[in-house]
Amino acid sequence: MTGSRYNRQQKLQGFGPEGQQRLERARVLVVGAGGLGVPVSQYLAAMGVGTLGIIDGDRVETSNLHRQPAYTPADVGQLKVDVLQEVLHRQNPDITIRAYPEFLEPSKVSNLLLAYDLVVDATDRIPVRYLLDDACVLRGIPWVYGALHGFEGQVSVFNYQEGPTYRCLFPKMPKAGEIPDCNTLGTLGVLPGIIGTLQALEAVKVLCGIGEVLRGKLLLYNALDQRMQAIAFPRNPQQQPRRLDANAYQYVASCGPGTGISLSEYQERKAGGEAHLLVDVREPEEFDRAHLPDAINIPLGNLKPDQPEFRQTPHIYFYCKSGSRSAQACQRLEGLLDGVTLYSIEEGMHTFFNLDNEKI
Amino acid sequence: MKVLLFGVTRDIVGEAALSIPSAEAGELATVGALKAFLRHRYPALDHLSSLAVAVNKAYATDTDPLDTQDEIALIPPVSGG
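Protein sequences, first through last, are from chains A and B. Residue numbers for the first sequence follow my numbering, beginning at 138 and rising by one. Residue numbers for the second sequence follow my numbering, beginning at 1093 and rising by one.
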């Protein structure tokens, strides 16, 4: 079966049996099993990448299905990596697929990368890209970047053959709320498929040493007019490898000091009997799937200072999926509620899922 | 001078591209001057921590010179995946 499976690409001049052997020896980590992670991992698996790792702590939601066609309505509520591992194994039983049902953390990423030669970024969080960039620089391995905004996409290959990194392009991590995400902006189903397959292509070029890799080039794609352009950018010698400090990859809330709080600190305060209100600012369908105990749901878009519940409490704690929308909630209400202190639980539901899956 | 807008800069400005007439563009001698001009016109641009600028499809820094015929791109990081 293996002999004929790759026949068509082995026939291809410039790829050949050598290209196939290099794919079979390759170990690739895909970070994220969502809109980008699905096409990236499906093509890398189908083409015969020998070892494929996929890391994501998210579960399949109904609102994912229009752009993540590996999942079906029957998979809703399941861990994405578990479903995807099964799908990929059925498609190509000859390769090794490792599923990590968790989110990438500063304390673990360095060890995890020891087992891989290349990383493909398929995350939907900017801080994770800074973490990946720093970790890949420390480990000396390249990573394939892909990201979306509305009808646009960006693709590049960072830290490849002494080439520039993500920090060379975007030196400073944005603050919470600065750059909207897909949950806020929406996304057209096919766009992550296009950007993800471009990423899979770059991964294959890096692994097989063919063609011209997007090293030092940022590809900008616009789906509405089908325009693609590449921007050349150099390595910035001022960007030096840095330690993977656990606190360096949280979104910094721009609503003043003292308002960001960790989930464990919140839980301690709650256990201490502090009078407070806990507000989940995610969309109703996200809330209905799972939420923290005692939380009320007010989606960020509906948040107003004259909410009746806000009048009866000295402390309001906001949380969302990843700390971005909750920081925006603080920002929006800052100075509008007399005698009330606002907090944003920085890690959001991400940490909660990681801490204890039984709680939800 | 033509300024192409990507990501959130397009949302802030409300257009895919801006055309700056030669009279105004002539005053903008460097990338830094153009950024200050645009931030004044669109204050929300000032809130971006990282904003890459390309001149004629090559990355540029604030001190790089500009010509009235240049095509500039404003490129912020984008989040989705």
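Even glycine gets a Cβ: it sits at the ideal position worked out from N, Cα and C.
Interface flag, residue i vs chain A, CB-CB below 8 Å
i         : result
His1132/B : no
Lys1094/B : no
Val1170/B : yes
Gly1124/B : no
Lys1127/B : no
Ser1141/B : yes
Ala1109/B : no
Ile1164/B : no
Ala1121/B : no
Gly1106/B : no
Ile1112/B : no
Ala1117/B : no
Residues that residue i bridges to, as DSSP identifies them
i         : result
Ser1111/B : Lys1094/B
Thr260/A  : Note: Thr260/A sits in no beta bridge, so no partner.
Ala272/A  : Answer by DSSP bridge pairing: none, since Ala272/A is not bridged.
Leu255/A  : Val165/A
Ala369/A  : Lys354/A, Ala1150/B
Ile433/A  : Val416/A
Leu265/A  : The displayed chain sequence assigns Val, not Leu, to residue 265/A. For Val265/A, which the question treats as bridged, DSSP gives no partner whatsoever.
Ala1144/B : Ile1167/B
C-beta atoms of residue i and residue j nearer than 8 Å
i         : j         : result
Ile263/A  : Met310/A  : yes
Asp1156/B : Thr1101/B : no
Val197/A  : Tyr208/A  : yes
His452/A  : Gly1172/B : no
Leu1140/B : Phe1129/B : no
Leu351/A  : Pro243/A  : no
Val168/A  : Leu216/A  : no
Gln291/A  : Leu356/A  : yes
His203/A  : Gly397/A  : no
Gly485/A  : Tyr454/A  : no
Ala412/A  : Gly314/A  : no
Asp261/A  : Phe295/A  : no
Gly194/A  : Glu239/A  : yes
Leu250/A  : Ala340/A  : no
Pro1113/B : Leu1143/B : no
Leu344/A  : Ala163/A  : yes
Gln366/A  : Lys1149/B : yes
Glu420/A  : Ile433/A  : no
For residue i, the first and last residue of its enclosing alpha helix (DSSP H)
i         : result
Gln376/A  : Segment: none, Gln376/A is in no alpha helix (DSSP H) and carries neither H nor E.
Glu155/A  : 153-162
Phe1190/B : A question about residue 1190/B goes unanswered here, because the residues of chain B that appear run from 1093 up to 1173.
Ile331/A  : 327-345
Gly417/A  : As written in the sequence, residue 417/A is Asp, which differs from the Gly given in the question. Note, Asp417/A: premise wrong, no alpha helix (DSSP H); beta strand (DSSP E) at 414-417.
Thr321/A  : 319-322
Lys407/A  : 400-408
Asp425/A  : 421-426
Gln147/A  : 144-147
Min CB distance residue i to chain B below 8 Å
i        : result
Pro394/A : Note that Pro394/A scores 35 on pLDDT, short of 50, meaning its location in the model is unreliable; the coordinates nonetheless yield the value given after this. For Pro394/A, the answer is no, since every Cβ of chain B falls outside 8 Å of its Cβ.
Pro154/A : no
Pro308/A : yes
Glu239/A : no
Asp382/A : no
Ala390/A : Low per-residue confidence applies at Ala390/A: pLDDT is 47, beneath 50, and the placement is therefore not dependable, though the value from the model is reported in the following sentence. Cβ-Cβ to chain B under 8 Å: no for Ala390/A.
Phe370/A : yes
Cys273/A : no
Leu357/A : yes
Asp193/A : no
Ile435/A : no
His286/A : yes
Ala259/A : yes
Gln291/A : yes
Lys217/A : no
N- and C-terminal bounds of the beta strand (DSSP E) containing residue i
i         : result
Asp1103/B : First-last for Asp1103/B: 1099-1105, but that is the alpha helix (DSSP H), not the beta strand (DSSP E).
Lys354/A  : 354-359
Tyr1151/B : 1150-1152
Ala1165/B : 1163-1167
(request) Could I get the ranges of all uninterrupted beta strand (DSSP E) runs contained in the region 436-493 of chain A, with 3 residues as the minimum, in chain order? (result) For the region 436-493 of chain A, whole beta strand (DSSP E) runs of length 3 or above, ordered along the chain, are 452-456, 478-482.
(request) Please list the segments of the alpha helix (DSSP H) lying wholly inside the region 169-249 of chain A, counting only runs of 4 or more residues, in order along the chain. (result) As far as the region 169-249 of chain A is concerned, its whole alpha helix (DSSP H) runs of at least 4 residues are 174-184, 217-228.
(request) Entirely within the region 283-307 of chain A and at least 3 residues each: give me those beta strand (DSSP E) ranges in chain order. (result) For the region 283-307 of chain A, whole beta strand (DSSP E) runs of length 3 or above, ordered along the chain, are 289-295.
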